[in-house]
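**Student:**
There are 2 protein chains.
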Amino acid sequence: MAISIDTFFLDPDSQGTLQAQIQQMIAQGILAGRYGKGEKLPSSRKLAMHLGISRITVTLAYTELLSNDYLTSRGRSGYFVSQNAPEPPKFAPQVKRTEAVDWSRAIGQKFTGGSAPTKPVDWQKYKYPFIYGQVDKTLFDHANWRLCALQALGARDFSALTADYYDQDDHQLIEFILRHTLPRRGIVARPEEVLITVGAQNALWLTAQILLTQRRTAAIEDPCYHALRDVLTQSRCHLSPIPVDRDGIQPDLIEDGTDVIFTTPSHQCPTSATMPHARRKQLLRRARDLEAIIVEDDYEFEVSFLGAPMPALKSLDEDGRVIYVGSFSKSIFPGLRLGYLVGSEEFIREARALRASVLRHPPGHIQRTTAYFLSLGHYDALVRKISKVYQKRREIMENAIQEYGLEIAGSGVFGGSSFWMRAPENVNTVELKHALKRNDVLIETGHPYFAASAGIMNYYRLAYSSISEELIPEGVKRIAHEIDQLTRH
Amino acid sequence: MAISIDTFFLDPDSQGTLQAQIQQMIAQGILAGRYGKGEKLPSSRKLAMHLGISRITVTLAYTELLSNDYLTSRGRSGYFVSQNAPEPPKFAPQVKRTEAVDWSRAIGQKFTGGSAPTKPVDWQKYKYPFIYGQVDKTLFDHANWRLCALQALGARDFSALTADYYDQDDHQLIEFILRHTLPRRGIVARPEEVLITVGAQNALWLTAQILLTQRRTAAIEDPCYHALRDVLTQSRCHLSPIPVDRDGIQPDLIEDGTDVIFTTPSHQCPTSATMPHARRKQLLRRARDLEAIIVEDDYEFEVSFLGAPMPALKSLDEDGRVIYVGSFSKSIFPGLRLGYLVGSEEFIREARALRASVLRHPPGHIQRTTAYFLSLGHYDALVRKISKVYQKRREIMENAIQEYGLEIAGSGVFGGSSFWMRAPENVNTVELKHALKRNDVLIETGHPYFAASAGIMNYYRLAYSSISEELIPEGVKRIAHEIDQLTRH
Chain U
1 MAISIDTFFL
11 DPDSQGTLQA
21 QIQQMIAQGI
31 LAGRYGKGEK
41 LPSSRKLAMH
51 LGISRITVTL
61 AYTELLSNDY
71 LTSRGRSGYF
81 VSQNAPEPPK
91 FAPQVKRTEA
101 VDWSRAIGQK
111 FTGGSAPTKP
121 VDWQKYKYPF
131 IYGQVDKTLF
141 DHANWRLCAL
151 QALGARDFSA
161 LTADYYDQDD
171 HQLIEFILRH
181 TLPRRGIVAR
191 PEEVLITVGA
201 QNALWLTAQI
211 LLTQRRTAAI
221 EDPCYHALRD
231 VLTQSRCHLS
241 PIPVDRDGIQ
251 PDLIEDGTDV
261 IFTTPSHQCP
271 TSATMPHARR
281 KQLLRRARDL
291 EAIIVEDDYE
301 FEVSFLGAPM
311 PALKSLDEDG
321 RVIYVGSFSK
331 SIFPGLRLGY
341 LVGSEEFIRE
351 ARALRASVLR
361 HPPGHIQRTT
371 AYFLSLGHYD
381 ALVRKISKVY
391 QKRREIMENA
401 IQEYGLEIAG
411 SGVFGGSSFW
421 MRAPENVNTV
431 ELKHALKRND
441 VLIETGHPYF
451 AASAGIMNYY
461 RLAYSSISEE
471 LIPEGVKRIA
481 HEIDQLTRH
Chain S
1 MAISIDTFFL
11 DPDSQGTLQA
21 QIQQMIAQGI
31 LAGRYGKGEK
41 LPSSRKLAMH
51 LGISRITVTL
61 AYTELLSNDY
71 LTSRGRSGYF
81 VSQNAPEPPK
91 FAPQVKRTEA
101 VDWSRAIGQK
111 FTGGSAPTKP
121 VDWQKYKYPF
131 IYGQVDKTLF
141 DHANWRLCAL
151 QALGARDFSA
161 LTADYYDQDD
171 HQLIEFILRH
181 TLPRRGIVAR
191 PEEVLITVGA
201 QNALWLTAQI
211 LLTQRRTAAI
221 EDPCYHALRD
231 VLTQSRCHLS
241 PIPVDRDGIQ
251 PDLIEDGTDV
261 IFTTPSHQCP
271 TSATMPHARR
281 KQLLRRARDL
291 EAIIVEDDYE
301 FEVSFLGAPM
311 PALKSLDEDG
321 RVIYVGSFSK
331 SIFPGLRLGY
341 LVGSEEFIRE
351 ARALRASVLR
361 HPPGHIQRTT
371 AYFLSLGHYD
381 ALVRKISKVY
391 QKRREIMENA
401 IQEYGLEIAG
411 SGVFGGSSFW
421 MRAPENVNTV
431 ELKHALKRND
441 VLIETGHPYF
451 AASAGIMNYY
461 RLAYSSISEE
471 LIPEGVKRIA
481 HEIDQLTRH
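Protein sequence lines, in the order shown, are assigned to chains U and S.
Everything in the first sequence is counted per the UniProt record's numbering, starting at 1 for the first residue and increasing by one.
Everything in the second sequence is counted per the UniProt record's numbering, starting at 1 for the first residue and increasing by one.
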């Protein structure tokens, strides 16, 4: 690859000669690793024109670098970075800049320090990854996704791919969601009531910004999805954790003065509890009494292999009180980053304005590809395939868990992709996790899901979405063995 | 397409018989336009199993709908929505929901009502679109973009495409930016100092959240990019508009107590002024005296056909005081939504945490496709092609503007894609815009760029990025004619 001429600048404040400056620029580029060995330099004529200096100055600089073996020349084909040039440092190049800014003062609002745990990016290197929320290569319908992406890249879809939508969405995707996705959840909605988001995380975040202030109270499930708690903590509202039982959040315990209730009725996160019909009606009544808004995160309803899923809480909403959060990232793949919000027009209008301010719109090409993947039926086929495989894995998990004497604290009525597990009280699952990691087993500790003050350390989650079935028994065995070791201390 | 069985639910609270409920569900689906004519219904056996009721109930419901001509049967192949079924309403289906929520109370923070003008989504229907920031179909390198997307969709890149990166970015894209993009702007940075964003809009938004609070002051250029002003207004900081002259923002006028300075030195938005070297040094000195942070939006530096672009302000930054905002959306296509932030590690760490909370990460596939498009040299070729075409268009524009006696208020020293125009003082460019729209000409009014109180109504912007050269003279002629009409009143 040729080194671009645009990387060359003269510094008007430089003390040295022009020739020295050019030599320095090139040598620094090589030393910093920006110019690789064998890369071609601009011709002396072009560089001279670009910098507005005489060609002889550039030629002299090149000749000097040639004699230092930074460069070589190959006759008429020009100058190249020499194979004998000094090695760039293995460490990151030191920038001459000295940090003169007091960042502790300059940063007005901090966003680091949330409770969401760091997840292992190298999880694929582990043999027994009981981790949640990553895609299983062997299940994803790569070929059809590629075909849909190709179609969306075609000349006919050019404008969908490239245009600035301002605050709008791809109408094909919106139409599919209205006609096919939402009816499956018992929801009827109009286009003005739907907004596409950069994943469900973005949908929850937008909702929190609009509904909450420092003077408002949000009820969350306890335990609850830690990333949601971080989002709400950042909004500085008052947080009111409501205990979850085997039927999900307990409406009677929601405090007076609550403004917004965040809930996961299909599949409580992380306990996997499914809220029964009567409890749903009770929750809606409680919200009406409180004049509160309910935010329903309907994650993972698709993976329902043990029975038909119940319709969404939103389908029972006669008041316009429920804001519904859906996602394609979970069931297609998490790197897709595509979710949606369904709610009253007044609310969606604000969410659309905030989204436009924060990021304008999710990339058009991603929206259109997903619209094809959905409308050609590949999505349904994928969900069926995943469900079938998960069902098998779940059976094997259940058997292994029973065989090795582990305790299930919660599991989905309709399906899902994980078990919520309880270790004996004196087991600290952070220790357990580290010990297992050394034994090639990845588990997820449960404490980040609980309110910080709770100090509950003996829960963990085992997902079967990324581990192949033949490895499950040995993985569970290793967990049981490690728990056994820890309880003996 | 077959109607999915998952769209059928029984309502436990329903008063009618099971048969009546099924009939109603299907009829409502047809009437609401959710089930299209000719679509196949689930078999009575499958639907009965799905709902957990007897098959005869479903059969009786189907038979009833058959006799009402909602459905037809094609012998053994099953039931279909009849071609004679009632037409779905042309208006949006009325949901039975009555809005019982007082949204004026429920919405804690409003985000609608910014000053950013609504842009015509149907701009391609106009013959003379002097509009800014949309892509010209005839210039974009569609074929190579498609090849890069295909490569990124290949099996080898599967994990880049699908994984949840958590808070990370595609390392290939980061590496290219560090090695090739930033050096062209005279910037040396380490991976910890760069964050990928969902377009430059997202980069500016993240920066504002981190650096500003209600107690802090942001200096902005006047006139300035209206979407930036909206972002800052939402952050509720104190806004201090600083007049722009032909060299850009005037450092002497930046008030004491300013915490953050937002500036566009390469190409002032919207006047296109390029800040000279001496002014840049002066701005950096002023910021150092104030202990203020500078946010440099380096938009449109690529389109530099009149001379080599100056290095970025960031390249002169010895203190770590400048936060640099770059974008690929502008020069590849705006629907791409891909930009980046460069700044001190402490700052980028907070931006990364906030981004993770708001949306996790820009889609992996988009990042990887862009990395290929850049590293295979297609991006440079595209920029060269665009620059050449824009140069020609600009010449034609300049000639036409002179011929028809319009006044240029600002234009880029190095290039760019638009002219900043001044109409006579008594011309209201909102009126001008509407009159021109009726004559197939689109222009952008200037007043949203000025502080609201200014009431400056006689500026407008003419871009040549989306209009073909042969149409320019007639378009300019029409503008001149309309201005002439308006000044006569």
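The beta carbon of each residue, even a glycine, is placed where N, CA and C say it ideally should be.
Model, not experiment: these values are computed from the prediction.
Checking 9 angstroms against the spacing of the C-beta atoms, do Asp252 of chain U and Ile293 of chain U come in under that value?
**Tutor:** no
**Student:** What does DSSP give as the partner residues of Lys40 of chain S in its beta bridges?
**Tutor:** S:Ala2 and S:Phe80
**Student:** Can you tell me the Cα-Cα spacing of Lys314 of chain S and Leu283 of chain S, whole angstroms?
**Tutor:** In a straight line, the C-alpha of Lys314 of chain S is about 12 angstroms away from that of Leu283 of chain S.
**Student:** Looking only at C-alpha atoms, which of S:Ala287, S:Val244 and S:Arg279 sits nearest to Gly257 of chain S?
**Tutor:** S:Ala287
**Student:** Among the candidates U:Phe111, U:Leu316, U:Phe347 and U:Asp440, whose CA atom is the shortest distance from the CA of Ser14 of chain S?
**Tutor:** U:Leu316
**Student:** Mind checking Ala356 of chain U: buried by the 16 CB within 10 Å criterion, or exposed?
**Tutor:** buried
**Student:** Which residue comes first and which comes last in the beta strand (DSSP E) that contains Trp420 of chain S?
**Tutor:** Ser418 to Arg422
**Student:** Alpha helix (DSSP H) containing Gly364 of chain U: first to last residue?
**Tutor:** Gly364 to Ser375
**Student:** Is it true that the region 409-429 of chain S meets the region 459-469 of chain S, where meeting means three or more beta-carbon pairs spaced less than 8 angstroms apart?
**Tutor:** yes
**Student:** Quick one: what does DSSP say Val101 of chain U is sitting in, helix, strand or coil?
**Tutor:** Judged by DSSP in its simplified three-state form, Val101 of chain U adopts coil rather than helix or strand.
**Student:** If we count the other Cβ atoms within 10 Å of its Cβ and call it buried at 16 or more, is Gly16 of chain U buried or exposed?
**Tutor:** exposed
**Student:** Counting Cβ pairs, one atom from each stretch, are 3 or more of them under 8 angstroms apart for the region 475-485 of chain U and the region 27-37 of chain S?
**Tutor:** Not touching, per the Cβ criterion.
**Student:** How many whole angstroms separate the CB atoms of His267 of chain U and Phe301 of chain U, which I take to be in contact at a CB cut-off of 8 angstroms?
**Tutor:** 7 angstroms
**Student:** Could you work out which residues of chain S lie near Gln234 of chain U, taking near to mean beta carbons separated by less than 7 angstroms?
**Tutor:** What Gln234 of chain U touches in chain S: Ser357.
**Student:** For the region 195-209 of chain S, which residues have a CB atom closer than 7 angstroms to at least one CB atom of chain U, in sequence order?
**Tutor:** Val198, Gly199, Gln201, Asn202, Trp205 and Gln209
**Student:** Val198 of chain S lies in the beta strand (DSSP E); which residues open and close that run?
**Tutor:** From DSSP, Val198 of chain S is part of no beta strand (DSSP E); its letter is neither H nor E.
**Student:** Select from the region 337-361 of chain S all residues with a C-beta closer than 9 angstroms to any C-beta belonging to chain U, and list them in chain order.
**Tutor:** Arg337, Leu338, Ser344, Glu345, Glu346, Phe347, Arg349, Glu350, Ala351, Arg352, Ala353, Leu354, Arg355, Ala356, Ser357, Val358, Leu359, Arg360 and His361
**Student:** Compare the C-beta of Asp259 of chain U against all C-beta atoms of chain S and say whether one is closer than 9 angstroms.
**Tutor:** yes
**Student:** Rounded to whole angstroms, what's the CA-CA distance from Glu39 of chain U to Glu87 of chain U? Just pull it up for me.
**Tutor:** 14 angstroms
**Student:** Count the other C-beta atoms from every protein chain shown that fall within 10 angstroms of the C-beta of Pro448 of chain S, then say buried if there are 16 or more, exposed otherwise.
**Tutor:** buried
**Student:** I'd like to confirm the pairing. Which residues does DSSP put opposite Val441 of chain U in its beta bridges?
**Tutor:** U:Tyr128
**Student:** What are the complete beta strand (DSSP E) segments, minimum 3 residues, inside the region 306-366 of chain U?
**Tutor:** If we require 3 residues or more, the beta strand (DSSP E) runs fully inside the region 306-366 of chain U come out as 322-327 and 339-342.
**Student:** Looking at the secondary structure, which residues open and close the beta strand (DSSP E) in which Asp222 of chain S lies?
**Tutor:** Thr217 to Asp222
**Student:** Between the region 152-170 of chain S and the region 362-378 of chain S, do three or more beta carbon pairs fall short of 8 angstroms?
**Tutor:** yes
**Student:** Cβ of Val358 of chain U versus every heavy atom of the ligand NAD: is any distance shorter than 8 angstroms?
**Tutor:** Ligands are entirely absent from the displayed structure, and the ligand NAD is therefore not among its contents.
**Student:** Would you decide whether His171 of chain U is buried or exposed? Buried here means 16 or more other CB atoms lie within 10 Å of its CB.
**Tutor:** By the neighbour-count definition (other C-beta atoms within 10 Å, threshold 16), His171 of chain U is an exposed residue.
**Student:** Can you list, in chain order, the residues of its chain whose CB lies under 7 angstroms from that of Val135 of chain U, leaving out five sequence neighbours each side?
**Tutor:** Phe333 and Pro334
**Student:** Where does Gly226 of chain S fall in DSSP's three states?
**Tutor:** This sequence places His at residue 226 of chain S; Gly is not what is there. His226 of chain S falls in the helix class under three-state DSSP.
**Student:** Thr263 of chain U and Ile249 of chain U look like a contact to me (Cβ under 8 angstroms); what is the Cβ gap, rounded to whole Å?
**Tutor:** 5 angstroms
**Student:** Just verifying my parser: in three-state terms, what is the DSSP assignment at Arg461 of chain S?
**Tutor:** strand
**Student:** Within the same chain, show all residues whose beta-carbon is closer than 8 angstroms to that of Leu161 of chain U, passing over the 5 residues directly before and after it, in chain order.
**Tutor:** Ala152, Leu153, Gly364, His365 and Arg368
**Student:** Any chance the region 184-194 of chain S sits against the region 136-145 of chain U, with 3 or more Cβ pairs inside 8 angstroms?
**Tutor:** no
**Student:** Rounded to a whole number of angstroms, what is the C-alpha to C-alpha distance between Tyr460 of chain S and Phe373 of chain S?
**Tutor:** 35 angstroms
**Student:** In chain order, what residues of the same chain have a beta carbon less than 7 angstroms from the beta carbon of Val389 of chain S, not counting five sequence neighbours either side?
**Tutor:** Within the same chain, Val389 of chain S has close Cβ partners Leu139.
**Student:** Quick one: is Thr445 of chain S near chain U, going by C-beta distance under 9 angstroms?
**Tutor:** no
**Student:** Using the rule of at least 16 other Cβ atoms within 10 Å of the residue's Cβ for burial, across every protein chain shown, is Pro12 of chain S buried or exposed?
**Tutor:** exposed
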